[in-house]
Amino acid sequence: MSKNNQNNLTTKIVSLCKRRGIIFQNSEIYGGIQGFYDYGPIGSLMKNNWKNLWLRENIQKRDDVVLIDGSIITHPTVWQASGHVKNFADIMVECKSCHKRFRPDLIDNATKCPKCGGEFTEGKKYNILFETNVGVIESEKTHTYLRGEACQTIYLDFKNIIDSTRVKIPFGIAQIGKAFRNEITPKNFLYRTREFEQWDIQYFCHPTDMDKFYEYWKQNRMEWYQSLFNNKKDLRFRQHEKDELAFYAKKAFDIEYNAPWGWAEMEGIHWRSDYDLTQHQTFSKQDLSYRDPVTNEKYLPHIVETSGGVDRSFFFLLLDAYREETNEKGEIRISLKINPKVSAYKMAIFPLAANKPELVDKAINLYKSLKSKYSVDFDDSSNIGKKYRRHDEIGTPWCVVVDYQTLEDKTISIRDRDTMEQIRLPISQIDVWLANKLQ
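Take the sequence shown: its letters are residues 72 to 510, numbered as in this note's numbering.
Next up, the structure:
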């Protein structure tokens, strides 16, 4: 795909998201605010389905991972212990004339300002944590931060979880939560934003088991993404170079997606050793070690981290699913070939004619019978062609039409989103048919 076509794909996704109520620019009526987005009626359903699949895979189907939901604001010392206050920064240069700031790598290390041609200052570090204050009395407010990553609350709750549950090492603590980074240059739609969600698993194990569990989680996470993306060749591992590794890390791999602008990180599998628990134990003066109930050995567990972006992976899922087809009349059909488990609606139900009460009533009855078990949509507006087009564009996998034959033999027509083939099925079999499709 040419560079122009690649860039055009992102533009098409942004347009589709706005047109079909998937994602909107935050505060758009005021001109928008860079790096912040709202999920619309369709996008909210899709994103929640995406998160629920992750929860089902990593919590419901496992016995060795527990779930928490941590606070966005924590004690300010947390971010000193984690190293974010000191090290969570981007190198920036500032134009001496217009005072715009730029990351050198994002302007190809230009020596002149791309806005006005002015000279740059020397590069300086700018911390990208969002600062805030806690308290109502001005002189007594506590200066702290919105969390820059979601995983820190997992380490903070580690001892409470050990003490209050029956978990034994090896085990994991999982979380889906908001994080905030005051990015200098938000870009590429949902890829780099200032407010976003992460899904994290911190898997605690004995130091001698790190290699085994690191390789396990590395393969586990890749296989999960491959099961949900259409184009597996657009997913790959990238191993971090030695000069990229944190001092405590033996290795790190990113799962990358072949995005329109190049290979881009979607999730990281990180070797965190015992660094985080050591730091919080040192700063808090609390014993965070684990005592093995069988051997009585006491130690600080080591950690395998899997940390991914919910929003950016959802964006990649949209890019992977986008399809355009041109018929013999030159008309373009747009569809999202997205996994039915992620789609906002599993099925859409239409009466063939909105002005025929007998058809409308049958369609409504079918809709009501399915609605308690599945996310389904009823639509009696416009013509069948326009309804198909709308549901193709939001990724609804199957559309049902209640027509005149339905009145005769109690069967309905089911159209497949991807093949556009149609079958007829008795109304009484729809529930079981749909349940089997969604397994």
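In this text, a Cβ means the ideal position worked out from N, Cα and C, and glycines have one as well.
Could you pull the start and end residues of the alpha helix (DSSP H) that Val381 belongs to? Val381 to Ala392
What's the call for His170, buried or exposed, on a 16-neighbour Cβ count within 10 Å? exposed
Best match in Arg488, Gly219 and Ser235 for proximity to Arg265 [C-alpha to C-alpha]: Gly219
Quick check on the DSSP output: what are the complete beta strand (DSSP E) runs of length 3 or more inside the region 237 to 268, in order along the chain? 242 to 251
Could you pull out every unbroken beta strand (DSSP E) segment of at least 3 residues lying fully inside the region 320 to 348, listed in chain order? 323 to 330 and 333 to 344
Cβ shell of Glu376 (< 6 Å), same chain only, five flanking positions each side left out: Gln273, His341 and Arg343
Do Val137 and Thr236 come within 8 Å of each other at the CB atom, strictly closer than that value? yes
Counting only the same chain and skipping the five closest in sequence on each side, list residues whose C-beta sits under 8 Å from that of Thr467. Ser414, Ala415, Tyr416, Lys417, Met418, Ala419, Asp448 and Arg488
Nearest to Leu430 by CA position, among Val471, Leu80 and Ile409, is which residue? Val471
Taking Cβ to Cβ, would you say Cys222 is nearer than 8 Å to Gly189? no
Can you list, in chain order, the residues of its chain with a C-beta nearer than 8 Å to that of Ser355? Leave out the 5 residues immediately preceding and following it. Thr148 and Ala152
For the structure I just gave you, are there three or more beta carbon pairs, one from the region 301 to 315 and one from the region 239 to 257, closer than 8 Å? no
Per DSSP, what kind of secondary structure is Tyr475 in: helix, strand or coil? helix
Are Ile139 and Gln246 closer than 8 Å when you measure CB to CB? yes
Inter-stretch contact (C-beta, 8 Å, three-pair minimum) for the region 314 to 327 and the region 123 to 130: no
Just to confirm, is the Cβ distance from Leu390 to Leu87 under 8 Å? no
Within the same chain, show all residues whose beta-carbon is closer than 6 Å to that of Lys508, passing over the 5 residues directly before and after it, in chain order. none
Run the CB neighbour count on Asp337, radius 10 Å, all protein chains shown included, and call it buried at 16 or more, exposed below. Correcting the residue type first, residue 337 is Met in the shown sequence and not Asp. Buried: at least 16 other Cβ atoms inside 10 Å.
Assign Val49 to one of two classes, buried (16 or more other C-beta atoms within 10 Å of its C-beta) or exposed (fewer than that). Since the first and last residues shown for the chain are 72 and 510, residue 49 lies out of range.
I'd like to check one pair, Ile465 with Arg133: are the Cβ atoms closer than 8 Å? no
Shortest alpha-carbon distance to Thr478 belongs to which of Ile233, Lys439 and Pro497? As written in the sequence, residue 478 is Leu, which differs from the Thr given in the question. Checking every option, the nearest Cα to that of Leu478 belongs to Pro497.
For Gln510, name the three-state secondary structure that DSSP assigns. coil
Does DSSP put Phe411 in a helix, a strand or coil? The identity of residue 411 in the sequence shown is Pro, whereas the question assumes Phe. Pro411 falls in the coil class under three-state DSSP.
Closest Cα partner of Arg263 within the set Lys196, Trp332, Ser298 and Tyr319: Trp332
Does any heavy atom of the ligand GTP sit closer than 7 Å to the C-beta of Ala424? Absent from the structure shown: the ligand GTP. Ligands present: none.
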